Amino acid sequence: MKNLKINNRFTAELPADPDLTNETRQVKNTAFSYVNPTKPSNPKLIHASEETAALVGISKEEIHSEEFLNVFSGKEILPETQPYAMCYAGHQFGNWAGQLGDGRAINLTEVENNNTFYTLQLKGAGKTPYSRTADGLAVLRSSIREYLCAEAMYHLGVPTTRSLSLILSGDQVLRDILYNGNPAYEKGAVVCRVAPSFIRFGSFEMLAARNELKNLKQFVEYTIKHYFPEITGEPKEQYLQFFKKVADTTREMILHWQRVGFVHGVMNTDNMSVHGITIDYGPYGWLENYDPNWTPNTTDSQNKRYRFGNQPQVAHWNLYQLANAIYPLINETEGLEKILESFMDDFILDYKEMFLNKLGLFTSTETDNDLIDNLEAVLQLTETDMTIFFRNLSSVKKTDSVEKAIEKIQFAFYKIEEVSGEILDAWKKWFSVYLDRLNAEVLSDEVRLQKMNLINPKYVLRNYMAQLAIDAADKEDYSLVNELYTLLQKPYDEQPEYQKWFAKRPDWATSKVGCSMLSCSS
Ligand SMILES: Nc1ncnc2c1ncn2[C@@H]1O[C@H](COP(=O)(O)OP(=O)(O)OP(=O)(O)O)[C@@H](O)[C@H]1O
Ligand SMILES: [Mg+2]
Numbered sequence: 001m002k003n004l005k006i007n008n009r010f011t012a013e014l015p016a017d018p019d020l021t022n023e024t025r026q027v028k029n030t031a032f033s034y035v036n037p038t039k040p041s042n043p044k045l046i047h048a049s050e051e052t053a054a055l056v057g058i059s060k061e062e063i064h065s066e067e068f069l070n071v072f073s074g075k076e077i078l079p080e081t082q083p084y085a086m087c088y089a090g091h092q093f094g095n096w097a098g099q100l101g102d103g104r105a106i107n108l109t110e111v112e113n114n115n116t117f118y119t120l121q122l123k124g125a126g127k128t129p130y131s132r133t134a135d136g137l138a139v140l141r142s143s144i145r146e147y148l149c150a151e152a153m154y155h156l157g158v159p160t161t162r163s164l165s166l167i168l169s170g171d172q173v174l175r176d177i178l179y180n181g182n183p184a185y186e187k188g189a190v191v192c193r194v195a196p197s198f199i200r201f202g203s204f205e206m207l208a209a210r211n212e213l214k215n216l217k218q219f220v221e222y223t224i225k226h227y228f229p230e231i232t233g234e235p236k237e238q239y240l241q242f243f244k245k246v247a248d249t250t251r252e253m254i255l256h257w258q259r260v261g262f263v264h265g266v267m268n269t270d271n272m273s274v275h276g277i278t279i280d281y282g283p284y285g286w287l288e289n290y291d292p293n294w295t296p297n298t299t300d301s302q303n304k305r306y307r308f309g310n311q312p313q314v315a316h317w318n319l320y321q322l323a324n325a326i327y328p329l330i331n332e333t334e335g336l337e338k339i340l341e342s343f344m345d346d347f348i349l350d351y352k353e354m355f356l357n358k359l360g361l362f363t364s365t366e367t368d369n370d371l372i373d374n375l376e377a378v379l380q381l382t383e384t385d386m387t388i389f390f391r392n393l394s395s396v397k398k399t400d401s402v403e404k405a406i407e408k409i410q411f412a413f414y415k416i417e418e419v420s421g422e423i424l425d426a427w428k429k430w431f432s433v434y435l436d437r438l439n440a441e442v443l444s445d446e447v448r449l450q451k452m453n454l455i456n457p458k459y460v461l462r463n464y465m466a467q468l469a470i471d472a473a474d475k476e477d478y479s480l481v482n483e484l485y486t487l488l489q490k491p492y493d494e495q496p497e498y499q500k501w502f503a504k505r506p507d508w509a510t511s512k513v514g515c516s517m518l519s520c521s522s
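In UniProt numbering, the protein residues as written are 1 to 522.
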């Protein structure tokens with residue numbers, strides 16, 4: 001890979017763990033530990049993203065080289081690089097969890113391309129000092145989900161890590177014990193992901209919790225210098241500006257999640273990036289029927305802390321933890337509190353605008369809040385598919401009758417027979433107000449349709465779609481991985497050849513494991 005320009009700033013500028021043993025332990029006074037990936041026994045490339053490769057300086061031809069396979073499966077280490085796992089802590093499901101760290105992620109190196117820095121990171125490439133009691137590996141099933149979803153999110157316009165490659169390791173990974181007491185082995189896989197950095201809220205929480213204030217200061221200043229160079233001024237002022245930037249980008253990210261119906265599922269502070277990009281595609285899911293109370297994560301099915309409708313509040317809570325972590329550098333609460341307060345206020349304003357745009361409304365009136373609230377209520381009267389509803393809404397015309405408009409979106413109803421009586425009346429009422437509102441807009445039907453179709457995706461990675469790709473891949477048929485990857489590169493385009501994916505969750509998927517709820521086992 002002749003154009004890969006290795007340039008490691010993280011390991012060069014931050015204090016390294018002097019212990020090179022790779023034994024599971026508490027790792028203090030450092031930001032990272034050097035550790036090499038475990039060599040896979042028989043790596044096989046399933047898929048690689050040409051786009052992500054180009055981003056970091058790898059050509060199409062190089063993707064199919066042995067070197068690519070070896071480097072991104074962890075079999076070989078790039079010359080002049082020294083892989084490392086990062087030390088971080090986190091709040092999991094609202095509770096302090098202490099040291100976590102990259103238990104199964106290993107940063108290979110940073111590269112520079114077109115004046116931008118990227119970190120290349122393997123997920124599932126073996127144990128690190130942070131693996132605690134786990135194996136450092138990842139199974140094919142969760143790796144396919146991570147690989148496809150990150151790229152799908154990118155093309156939806158949602159800030160995210162990117163996927164470079166998906167490689168079978170050739171090793172078996174033990175995950176669950178079956179009811180009959182037999183161990184259940186699954187195929188192991190390694191995903192290479194790419195991001196500006198993998199610095200998480202938990203990275204700073206770790207240093208603050210250990211009162212390693214010198215390291216904390218150094219790490220925050222490192223982050224500002226390299227990723228927020230526009231920030232200047234007195235140190236304390238810089239730290240506040242940094243926090244504001246993280247709050248702003250996090251708010252924008254969550255806004256996109258709510259726009260496309262993405263539920264992260266494990267919004268622990270160790271899964272929050274300081275770049276405001278989506279990171280860690282574990283037990284995530286996509287809203288099918290519009291239900292703000294839905295979470296895909298079985299571990300969270302009681303409290304539903306990470307339910308769709310709670311994501312903004314959780315982001316705010318997580319930012320609060322980040323504020324606590326950097327507070328010792330500032331020693332004043334006022335500035336941090338102001339930023340935290342404005343997060344929610346700004347979110348509410350942005351959410352309203354985003355939602356109106358999804359409805360094809362680009363001006364504001366006094367009744368907007370009612371229109372939105374009433375729609376959110378009516379969408380839940382009977383199961384109504386979020387993606388299909390908003391996509392088909394764009395075909396409603398100003399001159400349509402209420403009945404005609406409902407006919408245009410009725411494909412979104414899971415049980416059409418339920419749309420009668422009071423439920424039908426509620427829909428009629430909402431559409432009557434909506435049609436009046438459309439008629440007050442200056443945009444023509446055609447222009448509005450075009451604008452709406454750039455906001456409301458036609459295709460998302462529904463849980464059952466990923467599961468179908470997983471089932472086929474388990475039998476060494478990767479055609480669906482390829483097909484979904486291609487489809488999801490253009491989620492806003494009509495793509496008539498893929499119309500079959502513009503479909504509600506099929507009945508069989510309602511109860512099948514992996515299609516509606518997922519555990520953290522991955
Ligand atoms: N199989 C595993 N082996 C070792 N550590 C693991 C394993 N699975 C999870 N962990 C660790 O448990 C913690 C929480 O896991 P979580 O599910 O949030 O992350 P993840 O999916 O492993 O990785 P990432 O956040 O890097 O995408 C992290 O410290 C993670 O590294
Ligand atoms: Mg994680």
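Note that beta-carbon positions come from the ideal geometry of N, C-alpha and C, so glycine has one too. The structure displayed is predicted, hence computed values, not measured ones.
Asked                                                                                                                                                                             : Found
Output the distance between the C-alpha atoms of I144 and A466, rounded to the nearest integer angstrom.                                                                          : 8 Å
Are there 16 or more other CB atoms within 10 angstroms of the CB of Y485, so buried, or fewer, so exposed?                                                                       : buried
By the 10 Å Cβ neighbour count, where 16 or more other Cβ atoms means buried, how is L174 classified, buried or exposed?                                                          : exposed
In this structure, does DSSP put V173 in helix, strand or coil?                                                                                                                   : strand
Which residue comes first and which comes last in the alpha helix (DSSP H) that contains S432?                                                                                    : G421 to N439
For the segment 99-151, which segments carrying the beta strand (DSSP E) assignment without a break, of at least 3 residues, lie completely within its bounds, in sequence order? : 105-113 and 116-123
Would you tell me roughly how many angstroms separate the C-alpha atoms of P18 and E341, rounded to the nearest one?                                                              : 41 Å
Using DSSP with H/G/I as helix, E/B as strand and the rest coil, what is I455?                                                                                                    : coil
Please specify which runs of the alpha helix (DSSP H), each continuous and at least 4 residues long, are wholly inside the segment 173-203, giving them in chain order.           : none
Specify, as a first and last residue, the run of the alpha helix (DSSP H) that M344 falls within.                                                                                 : E334 to K358
DSSP three-state call for I279: helix, strand or coil?                                                                                                                            : coil
Can you tell me the Cβ-Cβ gap for L122 and P229, rounded? I've got them flagged as a contact below 8 Å.                                                                           : Actually they do not touch by this definition, with Cβ atoms about 28 Å apart.
Give the range of the alpha helix (DSSP H) segment to which I46 is assigned.                                                                                                      : Careful: I46 lies outside any alpha helix (DSSP H), inside the beta strand (DSSP E) at K44 to A48.
Would you kindly report the start and end of the unbroken beta strand (DSSP E) that includes Y34?                                                                                 : F32 to Y34
Would you mind working out which of T24, F308, D291 and F201 sits nearest S131, comparing C-alpha positions?                                                                      : T24
Cα separation between V513 and S142?                                                                                                                                              : 13 Å
Do the CB positions of R251 and F308 come within less than 7 Å of each other?                                                                                                     : no
For R162, which of helix, strand or coil comes out of DSSP?                                                                                                                       : strand
One question on the structure: do G202 and Y88 come within less than 7 Å of each other, judged by their Cβ atoms?                                                                 : yes
DSSP three-state label for W294, please.                                                                                                                                          : coil
With a 10 Å radius around its C-beta and 16 neighbouring C-beta atoms as the bar for buried, classify S163 as buried or exposed.                                                  : buried
Of the choices Y147, L178, A377 and S59, whose alpha-carbon is the least far from that of E50?                                                                                    : S59
Do three or more CB pairs link the segment 228-247 to the segment 307-326 at distances below 8 Å?                                                                                 : yes
In the DSSP assignment, what are the bridge partners of residue 526?                                                                                                              : With the chain represented from 1 up to 522, any question about residue 526 goes unanswered, as that position is not in the structure.
In angstroms, rounded to a whole number, what distance separates the CA positions of N42 and N215?                                                                                : 40 Å
From which residue to which residue does the alpha helix (DSSP H) around R251 run?                                                                                                : P235 to V260
Within 10 angstroms of its Cβ, does Q26 collect 16 or more other Cβ (buried), or is it exposed?                                                                                   : exposed
Report yes if the CB atom of L69 is closer than 7 Å to the CB atom of L100, and no otherwise.                                                                                     : no
Where does S197 land, buried or exposed, given buried means 16+ other C-beta within 10 angstroms?                                                                                 : buried
Using only the heavy atoms of ligand 2, determine whether one of them is closer than 6 Å to the beta carbon of N271.                                                              : yes
If you follow the alpha helix (DSSP H) that F389 is part of, which residue opens it and which one closes it?                                                                      : M386 to L393
Just to confirm, does L140 get its C-beta within under 6 Å of one of the non-hydrogen atoms of ligand 1?                                                                          : no
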